[in-house]
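Student: Have a look at this one.
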Ligand SMILES: C[S@@+](CC[C@H](N)C(=O)[O-])C[C@H]1O[C@@H](n2cnc3c(N)ncnc32)[C@H](O)[C@@H]1O
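Numbering (our numbering), first residue to last: 64 to 284.
Below you can see the structure in the form of structure tokens.
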């Protein structure tokens, strides 16, 4: 099946609310666990970058689990970041170590030139030019820094995409089911991601299918 891109930014208020209020407990907890397994404990004060952080649930989970880091979440959607700011306001103990920044991959102005780890969950499939994510990873990760990117994986056909929506988002609001379906059609296959990485000079990162709908990119910059 050919890839069908979807709009990059999730900047519609209703769409952002549906996403922020959806139950991503299981995948978000899993991503935070992967961070702990793969990145581990960084030096005190190390800065970590979360690209396409959306409402910031993963950003906050990682900040809470790793008191040694500060973490910068970047997103181009003010509607999404409003939920991140609200969630951060409810966690004042994290306030000095978490920043949410409105800006676009790849040209956003960031507080640090280089980061000790670069993360992203569910951003890649939104990008019309996926090479912009890899360029930002290459330019913003300190050499040798851990890189952890999770994304959806494009299914074989539209029927398979619909079956995944029914299985994993059966009880979710229609706006979320539609977004999930469109995101599956916009996602990349593992071979496509490997080619993107080669072209970006990041061929040392590995690409692993990790579920029936997710792939993981990990390695060192
Ligand atoms: C599916 S959400 C994922 C949010 C979060 N990482 C999570 O896992 O819950 C994708 C996010 O990427 C953002 N986004 C898409 N294209 C972007 C770009 N070029 N620059 C910055 N953010 C972008 C969208 O606005 C949206 O908030």
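Positions of the beta carbon are idealized from the N, C-alpha and C atoms, including for glycine.
All values reported here derive from a predicted model rather than from experimental measurement.
Could you check the C-alpha separation between residue 216 and residue 90 for me, to the nearest Å?
Tutor: Roughly 14 Å between the two C-alpha positions.
Student: For the beta strand (DSSP E) that residue 215 lies in, which residues bound it at each end?
Tutor: Residue 215 -> beta strand (DSSP E) spans 209 to 215.
Student: Identify the residues that DSSP records as bridge partners of residue 165: which are they?
Tutor: Looking at the DSSP assignment, residue 165 forms a beta bridge with 138.
Student: For residue 176, count neighbouring C-beta atoms within 10 Å of its own C-beta (all shown protein chains included) and say buried if the count is 16 or more, exposed if not.
Tutor: Exposed, since its Cβ has fewer than 16 Cβ neighbours within 10 Å.
Student: Please state whether DSSP places residue 193 in a helix, a strand or coil.
Tutor: The answer is coil: DSSP assigns residue 193 none of H, G, I, E or B.
Student: Could you name the residues of the same chain whose beta carbon sits closer than 6 Å to that of residue 182, not counting the 5 residues immediately before and after it, in chain order?
Tutor: Here the set comprises 113 and 211.
Student: To the nearest angstrom, how far is the alpha carbon of residue 260 from that of residue 235?
Tutor: Each residue's alpha carbon lies about 34 Å from the other.
Student: Check whether the Cβ of residue 145 lies closer than 8 Å to any heavy atom of ligand 1, and answer yes or no.
Tutor: Because no heavy atom of ligand 1 lies under 8 Å away, the Cβ of residue 145 does not count as near it: no.
Student: Tell me whether residue 135, by its Cβ, gets closer than 8 Å to a heavy atom of ligand 1.
Tutor: Answer for residue 135: no, Cβ out of range of ligand 1.
Student: So is the beta-carbon of residue 220 under 8 Å away from any non-hydrogen atom of ligand 1?
Tutor: Not so, every heavy atom of ligand 1 lies at least 8 Å from the Cβ.
Student: What span of residues does the alpha helix (DSSP H) with residue 273 cover, start to end?
Tutor: First-last for residue 273: undefined, no H or E at that position.
Student: Determine the DSSP secondary structure at residue 113, reduced to helix, strand or coil.
Tutor: Looking at residue 113 - three-state DSSP - the assignment turns out to be strand.
Student: Thinking C-beta only, is residue 269 closer than 9 Å to residue 188?
Tutor: Not a contact, by the Cβ cut-off of 9 Å.
Student: Report the rounded CA-to-CA distance for residue 173 versus residue 78, giving the unit in angstroms.
Tutor: C-alpha separation (whole angstroms): 26 Å.
Student: Quick one: give me the first and last residue of the beta strand (DSSP E) that residue 282 is part of.
Tutor: That run of the beta strand (DSSP E) goes 277 to 283.
Student: Compute every distance between the C-beta of residue 132 and the non-hydrogen atoms of ligand 1, then say whether any falls below 8 Å.
Tutor: Checking the Cβ of residue 132 against ligand 1 gives no.
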